[in-house]
Amino acid sequence: MNYYMPTKIIEEDNVVLNHSDIFGNYGKKALIVTGRNSAKINGAQKDVVEALDRNHVDYVIFDQVIENPPIELVAEGAKVGFDCDFVIGIGGGSPIDAAKAMAVLIKNPTDAYFDMLYKTNDSEKLPLIAIPTTGGTGTETTPYAILTDHDLGTKTTMAQRVFPEVALLDVKYYMHMPVAIRNNTCVDALTHSIESYMNAKATKYSDYIALESIRLWGEHKEALKGVVMEVEAMKAFMSASTLAGIAISQTGTSIPHTMGYPLTYNYGVAHGKANGLFMASYLNLCSNKWKVANIMDLLGFESLQAFDGYLKEVIGTFELKESEMDAYAELLMSNTRKLKNHPDPITKEDIVGAYRDALGIVNE
Ligand code: NAP
Ligand code: ZN
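Take -5 as the starting number for the sequence shown in this note's numbering and just add one per residue.
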């Protein structure tokens, strides 16, 4: 058993400006990577620019990252930041994952960027500072970056591993998420801690962290039913997300994430919702009923049905044709790397059953 998670985490109000000296540690020029709007609206980009100015560090901004960024887009961003010494990713998982890929490509410029990101795994990379703003992916404490591969027709995790040097967490950036983004991303964090805890690669270290994330989440779960969330509840979800990131940095995610990717790729279903939909039907498949009961206990649900009902209330539902369920199950059965994370033998019929249990059925 081993444990490795090298990212320094600072969680504090006004963290970027209180620790602005960090922005002077990695060189003379930074590439700031964001989505199109949110980093400007929630104040994170302004704080980062001020922190860089205080250290007389130059910067260039790439603010074109879309949700589920395609591989071609990160290559574009790397060109913009070609002469930078470090990268700052601000936002949800999409800009931070894109920033991870850019940190590799700027250090190793090449037109064969797919091969660099997906066929090699131990290249040097620029240092990365991650500032998350959704509730969320936990990417600030994982080495993974998930990009959209249009050739493959789905989302895949790049082979290169990039842990951020520093993760800076400030709840003020999270406070104005629209309800759907807030709920979907908070549910994503819960799926991470659950998929880590139920994982074949789970260790006592990852379990300890995953269980604390699940406990915190459960303590505040009712807050996702409201429109406005109190700061204390948002702080709990923020911490639960980062803890869940640490947990999956040890184990990876599991079957629900793989079941969800085609919903995102083909129908644009938000990442967190796409996994959350399958949580109850997945736990129903798991043979370790003691662990499942422990999760329900920590979350405060009497049954998997009650858990499923709650999730549908906060993230909604989705419908699919039976032929699509069959095709997606087939795709999942070819993903041997992910299947290894599930501790039990599993068949295509099990997966089709889990799709059927979780989703409504559209007539062909
Ligand atoms: P996201 O795709 O980064 O962003 C979703 C939406 O939320 C965007 O419209 C974004 O706007 C908006 N947004 C972000 N922060 C906001 C804020 N504070 N207030 C208001 N709106 C805000 O969402 P995400 O769910 O965090 O990330 C999903 C991606 O992360 C997926 O590609 C998923 O596969 C990946 N992921 C990675 C890991 C990992 O370990 N690397 C783990 C799980 C998921 P802007 O575009 O304007 O910013
Ligand atoms: Zn996720």
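Every residue, glycine too, gets a C-beta built ideally from N, C-alpha and C.
Item                                                                                                                                                 : Value
Within its chain, find whatever has a CB closer than 6 Å to the CB of Phe80; leave out the 5 residues flanking it on each side and keep chain order. : Tyr20, Gly21, Ala24, Leu120, Pro121
Return the first residue and the last residue of the beta strand (DSSP E) that Lys332 is part of.                                                    : It is not in any beta strand (DSSP E) - Lys332 instead sits in the alpha helix (DSSP H) that spans 330 to 333.
I want to check one thing, is the minimum distance from the CB of Gly310 to the heavy atoms of the ligand NAP below 6 Å?                             : no
In the DSSP assignment, what residue or residues form a beta bridge with Ala124?                                                                     : Gly83, Ala161
Classify Val43 as helix, strand or coil using the three-state DSSP reduction.                                                                        : helix
Round the Cβ separation of Ser14 and Asn49 to the nearest angstrom and send it over; I've been treating them as touching at under 8 Å.               : 7 Å
Going by alpha carbons, who is nearest to Leu279 out of Leu271, Thr247, Asp344?                                                                      : Asp344
What's the call for Lys94, buried or exposed, on a 16-neighbour Cβ count within 10 Å?                                                                : buried
Got a sec: does the ligand ZN put a non-hydrogen atom nearer than 6 Å to the Cβ of Asp182?                                                           : yes
Which class does Leu271 belong to by DSSP, given the choice of helix, strand or coil?                                                                : coil
For Pro63 and His214, I'd like the C-alpha separation in whole angstroms.                                                                            : 31 Å
If we ignore side chains and look at the alpha-carbon of each, how far apart do Met228 and Asp143 end up?                                            : 33 Å
Going straight from the alpha carbon of Ala287 to that of Met171, what length do you get?                                                            : 32 Å
Give the DSSP bridge partners of Thr148, in chain order.                                                                                             : Asp143
Please classify Ser328 as buried or exposed, where buried requires at least 16 neighbouring CB atoms within 10 angstroms.                            : exposed
Per the contact definition of three or more C-beta pairs closer than 8 Å, is the segment 147 to 166 in contact with the segment 3 to 10?             : yes
Quick one: what's got a C-beta closer than 8 Å to Val43's C-beta in the same chain, skipping five residues either side?                              : Ile26, Tyr53
Whole beta strand (DSSP E) runs in the segment 42 to 79 with 3 or more residues, listed along the chain?                                             : 52 to 59
Would you check if the distance between the CB atom of Thr1 and the CB atom of Phe157 is smaller than 7 Å?                                           : yes
Between Gly83 and the rest of its own chain, which residues show a CB-CB distance below 6 Å, the 5 nearest in sequence each way excluded?            : Val27, Pro89, Ile90, Ala93, Ala124
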